[in-house]
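S.K.: Pasting a structure below so you can have a look.
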Amino acid sequence: MATIKTVGELTLERMNKCSDALAKKYLLSVRAIYGATENGKPDHIGSCVLLEYHGEKIIVTAAHIIDNNNFTSLYITGESKLVQIVGSCLITAAQNNDRDKDKFDFSVLPISDELASNLGDVFFIPESNWGLHELPAKDRCCLALGFPNSRNKKIDAARNTVKLEPFVYTSTLKSDPKIFEEIKFSMAEHYLLDFCSRHSKDFNNKITNSICPKGVSGGGLFLIEDMANPESYRPEAECSGKFLGILIEQRKNKKVLVFTKISTIEKALTLRSSRPASATLQRSA
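Residue numbering for the sequence shown follows the working numbering, beginning at 929 and increasing consecutively.
Put into structure tokens, the structure is as follows:
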């Protein structure tokens, strides 16, 4: 006898299937960023996303993650090892040097072919996979990926490697203008992802209570496409997604994660000659 499923059951099944598929794909693009302790051991700081823009490979993360370069060298996790990141970056200006007042909080670092090669088997998300246009009201289901501090402390200093455990979280976008207004973010330039404990997963892909995502800043937001399309619920239907933006902060009082849109970042990329600020990443003494 055939089993009859409700619309809610089918939706949850599809969401979980696509969350798993897209996480597997895009965790090759979402990487962890480390600094170094006084003893030279890797110290987890945050997350970042690898993109390709007009044929140029770039690292995008939160500006407050790059601010740590004032105190330490910065390293990104490649396929099998930590790779130091150096060079000049585009970074948003902090009002009165107070990053908490920076409503955009992003940084873009173009990297050399050599550095990209040293990262190994990773994936730079091309512009064709960026969600640069406004989303229809029906497209609200998203996946957030990053690396929390609490899960990424397993380090092999001798081999310069770390064992990564990602934050994989699926939820829906907020669309109430009042929430944006209350926390002083723009609907045109930001996304707010509902943040509760229902759809977070651990490293073994098991549902678990969501942790406070410290260290996930700079991680990516991805649209799970076609959730409202009946054709996508066919057994053979593949899952697809678009990169939407980077995580910059959590607002616990509103139970949301705040993301700066990739469309906002893309505008800054097209205006590099009048960029808001720049910095050079260097090896710390």
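By construction, the Cβ of each residue, glycine as well, lies at the ideal position given by its N, Cα and C atoms.
Measure the CB-CB distance between Leu-950 and Cys-1124 and report whether it falls below 7 Å.
M.R.: For Leu-950 and Cys-1124, no; Cβs fall outside 7 Å.
S.K.: Quick test of your reading: Ala-964 and Ser-1008, contact by CB under 8 Å. State the CB separation rounded to the nearest angstrom.
M.R.: About 19 Å separates the two Cβ atoms, so there is no contact after all.
S.K.: Is Asp-1026 buried or exposed, if buried means 16 or more other CB atoms sit within 10 Å of its CB?
M.R.: Label assigned to Asp-1026: exposed.
S.K.: From this set, Val-1036, Pro-1038, Ala-1021, which residue's C-alpha is nearest Asp-1030's C-alpha?
M.R.: The shortest Cα separation from Asp-1030 among Val-1036, Pro-1038, Ala-1021 belongs to Ala-1021.
S.K.: In the DSSP assignment, find the alpha helix (DSSP H) that holds Asp-1041 and state where it starts and stops.
M.R.: It spans 1041-1046 - the alpha helix (DSSP H) in which Asp-1041 sits, taken as one unbroken run.
S.K.: Assign Phe-1095 to one of two classes, buried (16 or more other C-beta atoms within 10 Å of its C-beta) or exposed (fewer than that).
M.R.: Classification of Phe-1095: buried, given that the 10 Å Cβ count is 16 or more.
S.K.: What separation, rounded to the nearest whole angstrom, lies between the Cα atoms of Lys-1195 and Leu-1060?
M.R.: About 10 Å.
S.K.: According to DSSP, simplified to helix, strand and coil, what is Ser-947?
M.R.: Of the three classes helix, strand and coil, the one that applies to Ser-947 here is helix, per DSSP.
S.K.: Considering only DSSP beta bridges, list what Cys-1167 is partnered with.
M.R.: Bridge partners of Cys-1167: none, in fact.
S.K.: With which residues is Phe-1123 paired in a DSSP beta bridge?
M.R.: According to DSSP, which records beta bridges pairwise, Phe-1123 is partnered with nothing at all.
S.K.: Looking at the strands, I want to know which residues DSSP matches up with Arg-1179.
M.R.: Answer by DSSP bridge pairing, in chain order: Val-1184.
S.K.: Check whether the Cβ atoms of Ile-993 and Gly-974 sit closer than 7 Å, and answer yes or no.
M.R.: In contact: Ile-993 and Gly-974 (Cβ atoms closer than 7 Å).
S.K.: Take the Cβ of Asp-1028 as the centre, count every other Cβ of all protein chains shown within 10 Å, and call the residue buried at 16 or more, exposed below.
M.R.: It is exposed - the Cβ of Asp-1028 has fewer than 16 other Cβ atoms within 10 Å.
S.K.: For Ala-1044, tell me which candidate among Asn-997, Phe-1187, Gln-1012 has the shortest Cα-Cα distance.
M.R.: Of the listed residues, the one whose Cα sits closest to Ala-1044 is Gln-1012.
S.K.: Could you give the residue range of the beta strand (DSSP E) that holds Lys-985?
M.R.: Segment 984-989, the beta strand (DSSP E) holding Lys-985.
S.K.: For Leu-978 and Ser-957, which I take to be in contact (beta-carbon distance under 8 Å), what is that distance rounded to the nearest angstrom?
M.R.: Confirmed, about 5 Å.
S.K.: Ignoring anything shorter than 3 residues, give me the beta strand (DSSP E) runs that lie fully in the segment 1084-1117, in order along the chain.
M.R.: Runs of the beta strand (DSSP E) inside the segment 1084-1117: 1095-1100.
S.K.: By Cβ distance below 8 Å, which residues in the same chain neighbour Val-1184 in space, the five residues on each side in sequence not counted?
M.R.: Around Val-1184: Lys-1102, Ile-1107, Ile-1111, Leu-1120, Leu-1121, Asp-1122, Phe-1123, Gln-1178.
S.K.: Assign Asp-1049 to buried or exposed, taking buried as 16 or more other Cβ atoms, counted over all protein chains shown, within 10 Å of its Cβ.
M.R.: Flag for Asp-1049 reads exposed.
S.K.: What alpha helix (DSSP H) runs, 4 residues minimum, are completely inside the segment 953-1007?
M.R.: Qualifying alpha helix (DSSP H) stretches, in chain order: 991-994.
S.K.: Cβ atoms of Leu-1149 and Ala-1072: under 7 Å apart, would you say?
M.R.: Yes; because the gap between Cβ atoms is below 7 Å, this pair is in contact.
S.K.: Whole angstroms is fine: what's the gap from Thr-1098's alpha carbon to Leu-940's?
M.R.: C-alpha separation (whole angstroms): 10 Å.
S.K.: Excluding the 5 residues preceding and the 5 following Phe-1051 in the sequence, name in chain order all residues of the same chain whose CB lies nearer than 8 Å to its CB.
M.R.: So the list reads Lys-953, Tyr-954, Leu-956, Ser-957, Leu-978, once near-sequence residues are dropped.
S.K.: Give the DSSP-derived three-state secondary structure of Lys-1029 in the structure shown.
M.R.: DSSP places Lys-1029 in helix when its eight states are reduced to three.
S.K.: Does the distance from the C-beta atom of His-972 to that of Gly-1143 stay below 7 Å?
M.R.: Yes. Within cutoff.
S.K.: So for Lys-1189, helix, strand or coil by DSSP?
M.R.: In this structure, Lys-1189 counts as strand in the three-state DSSP scheme.
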